[in-house]
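Numbering (UniProt numbering), first residue to last: 1 to 200. Here the structure comes first, spelled out in structure tokens, and everything after it is commentary.
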Amino acid sequence: MYKSGSPHSPEIEEDLRLLNAIANDDRKALSKLYDRYWNQLLRVAYQKVRSHEVAEELVQNLFIKLWEGRKRFQIQRVDLYLFAALKFAIIDYIRHLTRQEEFTFYYESFVSEATTDTEDQLAHHDLINAVQLLLAQLPVKTQEVFRLCRFEDLSTEEAAYRLQLTEKTVEYHLTKALKVLREHLHEYAYLMPYFILLFS
């Protein structure tokens with residue numbers, strides 16, 4: 001389910017322990033992981049879709065897919081993987097609304113013209129996997145800054161307060177993460193519209 005790598009924080013180690021248990025068909029481990037991330041994911045989803053019911057459904061579906069793919073997923077950072085997957089789920093939901101010519105303002109505020117075929121589930125999974133694998137190789141603090149600023153949509157000021165860092169330090173870590181992603185995702189050139197949409 002995951003690959004071992006550099007030393008992790010206790011929270012990340014616990015996530016990985018739960019992933020191993022999930023890969024071995026432990027539903028209680030899935031429930032624990034669900035409880036760990038439910039509120040954070042729900043808050044991000046609600047900020048974009050403005051519906052508690054829809055936000056809850058999007059988050060629930062993430063864990064259903066995690067369970068269904070428990071034997072094949074390669075995940076090093078659960079939080080990075082879940083938040084990236086949620087971003088794509090939100091994009092798909094918004095595109096569904098726009099096809100019905102409803103709530104177009106959601107689409108315009110969240111989806112740029114760089115978006116082309118967000119229904120390509122394989123592309124979604126490839127990019128999510130590539131991003132989380134790259135980020136997992138960065139220092140933990142850099143990973144945390146990226147997660148807060150790009151997945152949870154916090155401002156650099158808010159992230160600095162959350163992590164007890166200066167705003168300039170947060171900007172440094174964010175710039176560092178984005179540079180690494182841009183440099184190493186060239187082999188995923190066909191996925192760059194998704195990268196621009198999610199992380200610019």
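Think of the CB as a built atom: it goes at the ideal place given N, C-alpha and C, for glycine as much as any other residue.
Next on the checklist: Taking the alpha carbon of residue 34 as the reference point, which residue from 46, 67, 48, 9 has its own alpha carbon closest?
Outcome noted: Across the set 46, 67, 48, 9, the C-alpha of 67 shows the shortest separation from the C-alpha of residue 34.
Checklist entry - What do you reckon, are the CB atoms on residue 131 and residue 84 nearer than 7 Å? => result Result yes, Cβ atoms of residue 131 and residue 84 sit closer than 7 Å.
Next on the checklist: Please identify the residue among 91, 15, 156, 38 whose C-alpha is closest to the C-alpha of residue 175.
Outcome noted: Ranking 91, 15, 156, 38 by Cα distance to residue 175 puts 156 first.
Checklist entry - alpha helix (DSSP H) containing residue 43: first to last residue? => result Residue 43 -> alpha helix (DSSP H) spans 27 to 49.
Checklist entry - Under 7 Å, do residue 18 and residue 32 count as touching if we go by C-beta distance? => result Annotated as proximal: residue 18 and residue 32, with beta-carbon spacing under 7 Å.
Item to check | Alpha-carbon to alpha-carbon, residue 183 and residue 23 | outcome: One alpha carbon belongs to residue 23, the other to residue 183, and they sit about 32 Å apart.
Item to check | Collapsed DSSP secondary structure at residue 89 in the structure displayed | outcome: Correct three-state label for residue 89: helix.
Checklist entry - Can you give the Cα-Cα distance for residue 73 and residue 53, rounded to whole angstroms? => result About 28 Å.
Item to check | The alpha helix (DSSP H) enclosing residue 156, as first and last residue numbers | outcome: Looking at the DSSP string, the run of the alpha helix (DSSP H) that includes residue 156 is 156 to 163.
Next on the checklist: Could you check whether residue 152 and residue 44 sit closer than 7 Å to each other, using their CB atoms as the reference points?
Outcome noted: For residue 44 and residue 152, yes; Cβs fall inside 7 Å.
Item to check | CA nearest to the CA of residue 61, picked from 86, 71, 79, 75 | outcome: With distances taken between Cα atoms, residue 61 lies closest to 86.
Next on the checklist: Just to check my reading of the structure: residue 58 and residue 81 have Cβ atoms closer than 8 Å, yes? What is that Cβ distance to the nearest angstrom?
Outcome noted: Between residue 81 and residue 58 the Cβ distance is about 15 Å, and since that is not below 8 Å, they are no contact.
Checklist entry - Along the chain, where does the alpha helix (DSSP H) that runs through residue 146 open and close? => result Per DSSP, residue 146 belongs to the alpha helix (DSSP H) from 140 to 146.
Item to check | Contact set for residue 138: own chain, Cβ-Cβ below 7 Å, skip 5 residues either direction | outcome: Excluding five sequence positions before and after residue 138, the CB atoms of its chain that fall closer than 7 Å to its own CB belong to 177, 180, given in chain order.
Checklist entry - To which residues of the same chain is residue 77 closer than 7 Å at the C-beta, ignoring the five residues directly before and after it? => result For residue 77, where only same-chain residues beyond five positions count, the Cβ hits under 7 Å are 12, 132, 135, 136, 143.
Next on the checklist: Starting from residue 182, trace the alpha helix (DSSP H) in both directions and tell me its first and last residue.
Outcome noted: Run containing residue 182: 167 to 184, per the alpha helix (DSSP H) assignment.
Next on the checklist: Give me, in chain order, the residues of the same chain whose beta-carbon lies closer than 7 Å to that of residue 21; leave out the 5 immediate sequence neighbours on both sides.
Outcome noted: Beyond the five residues adjoining it in sequence on each side, residue 21 comes within less than 7 Å, by CB distance, of 29 in the same chain, given in chain order.
Item to check | Start-to-end residues for the alpha helix (DSSP H) that takes in residue 64 | outcome: For residue 64, the enclosing alpha helix (DSSP H) begins and ends at 52 to 68.
Checklist entry - On the three-state DSSP scale, how would you describe residue 20? => result Helix.
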